[in-house]
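Anchor point for the sequence shown: position 212 equals 212 in full-length UniProt numbering, and the numbering is continuous, going up by one each time. Glycine included, C-beta positions come from ideal geometry on N, C-alpha and C. Source: prediction; values computed, not measured. Here's the structure we're looking at; comments come further down.
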Amino acid sequence: MTQVDSKPERILITGNNGYIGSVMGPWFKRAGFDVVGLDSNLFQQCSLVPDKDNIPTIEKDLREVTPRDLDGFDAIVHLAALSNDPIGNLREDWTRDINHTGSVRLARCAKQAGVKRFVFSSSCIMYGMSEVAEANEDAPLAPQTEYARSKVTAEAALSELADDSFSPVFCRNGTVYGLSPRMRFDTVLNNLMGMAVSAGRVQVFSDGTPWRPVVHVQDVARSFQTILEAPRADIHDQAFNMGADHLNHQIADLARIVTETVPGCTLEMVPQPGADQRTYKAGFGKFKRTFPAFQFLWTPRDGARELYEAFTRIGLTAADFKDKRFTRLHWLRHLIDSGQVDGQLRWAAMAA
Ligand SMILES: NC(=O)c1ccc[n+]([C@@H]2O[C@H](COP(=O)([O-])OP(=O)(O)OC[C@H]3O[C@@H](n4cnc5c(N)ncnc54)[C@H](O)[C@@H]3O)[C@@H](O)[C@H]2O)c1
């Protein structure tokens, strides 16, 4: 029997205590959903600003979820992941285990529990160094890192689970920016703004020409809500680049916006051999055609202003900006080196 459309009410968000999740959870709650989180809380000690709301959270590793945990949910928004290219270099198998195998396992459990919609937080990074002028959802995938590969293989495996009772949907985000309780300084605009406010100067270690699609974290939350509420026929087993064409920017352009936002801030371009020259422009026509009423409200200039005000309010220092708590790779390394997590990236105390 084909699934009947009904507005989902009870939502599970995995990774709700991460950078995107700690904005999205409270957003969904305010939007009227009954929201529960699931997170192993790797970054619980990594708050820059207070949480907006408390979301009841199942503290559990994704890799140990059972169908019983997922009973009674209408939809799952799956954010939990190792979300950073360099983490893949730290230990490739972690990224594979969590982002690919863990996601597929979660989706199988969800299907078994009768969850109808599975919204997978994917990434435009899978287009790699795209040769295509603007990579749309049909562009060839050229993942360059273990992280990007894990998103490609997870999408393919999740797609195989799609049937009349289960609708996976793949939300390929650009690089996310904006204020979040669990702030990250390892994404481009957040990084440039943190540097600008804490040091009064911005250094870009490339020639600034690479393109990035960027999207504000609140727009991510709103666009995921649109996916949750969409008629099944519009989203079933579909991939969407999440963003808008006018949100493709060159790094140099983002750096200029930042220096124009922070009074007295200087800009230094320091092209270096081996610099990160990943470049791609994403095409966002499909999302716009499917959801013509939806507007991405934030521009990088608005986001830079929001971050400037937040960082000056809390007096962000150079030490805060460099603090391991706000760079995912550095924090995970700290958890490993201090023995807090084991060789499988599970909390050592819990494993014992
Ligand atoms: N931030 C971005 O720019 C961006 C861009 C594109 C896609 N994404 C995707 O969006 C999602 C969220 O990204 P983010 O920036 O919030 O990442 P994040 O690192 O801030 O948060 C990830 C959350 O997942 C949790 N988690 C990790 N492994 C887990 C496990 N095994 N079991 C349970 N929980 C686990 C962490 O504790 C953390 O709270 C990820 O899937 C990421 O790949 C993010």
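Closer than 8 Å: Asn-173 CB and nearest ligand 1 heavy atom: yes
Proximity below 9 Å, CB of Pro-213 to CB of Gly-174: yes
Per-residue DSSP class, three states only, for Ser-159: In the structure shown, the three-state DSSP call for Ser-159 is helix.
Inter-residue CB distance, Ile-251 and Val-119 (contact presumed, cutoff 8 Å): Actually they do not touch by this definition, with Cβ atoms about 29 Å apart.
Enclosing beta strand (DSSP E) for Thr-312 [first to last residue]: It is not in any beta strand (DSSP E) - Thr-312 instead sits in the alpha helix (DSSP H) that spans 300-314.
Euclidean distance between Cα positions of Tyr-19 and Leu-345: 19 Å
Spatial neighbours of Ala-348 in its chain, beta-carbon cut-off 7 Å, leaving aside the 5 residues before and after: Gly-339, Gln-340, Val-341 and Asp-342
Beta-carbon proximity check, Leu-62 vs Gly-102, cutoff 9 Å: yes
For Thr-226, the first and last residue of its enclosing alpha helix (DSSP H): Here the alpha helix (DSSP H) through Thr-226 covers 217-229.
Assigned secondary structure, Ala-348 (DSSP; H/G/I helix, E/B strand, else coil): helix
Reduced DSSP category for Met-193 - H, G, I as helix; E, B as strand; rest coil: helix
Distance between beta carbons of Cys-265 and Val-202, contact taken as under 8 Å: 6 Å
As assigned by DSSP and simplified to three states, the class of Gly-37: strand
Check: Asp-245 C-beta below 8 Å from any heavy atom of ligand 1: no
Min CB distance His-334 to chain C below 9 Å: Of the protein chains in the structure, only one exists, and it is not chain C.
Status (buried if at least 16 other CB within 10 Å, exposed otherwise) for Glu-146: buried
Run of the alpha helix (DSSP H) containing Glu-9, from where it starts to where it stops: Careful: Glu-9 lies outside any alpha helix (DSSP H) and carries neither H nor E.
Coarse secondary structure for Glu-134, derived from DSSP in three states: coil
Nearest neighbour of Ala-221, chosen from Ile-13, Leu-12, Ile-58 and Trp-27 [CA to CA]: Trp-27
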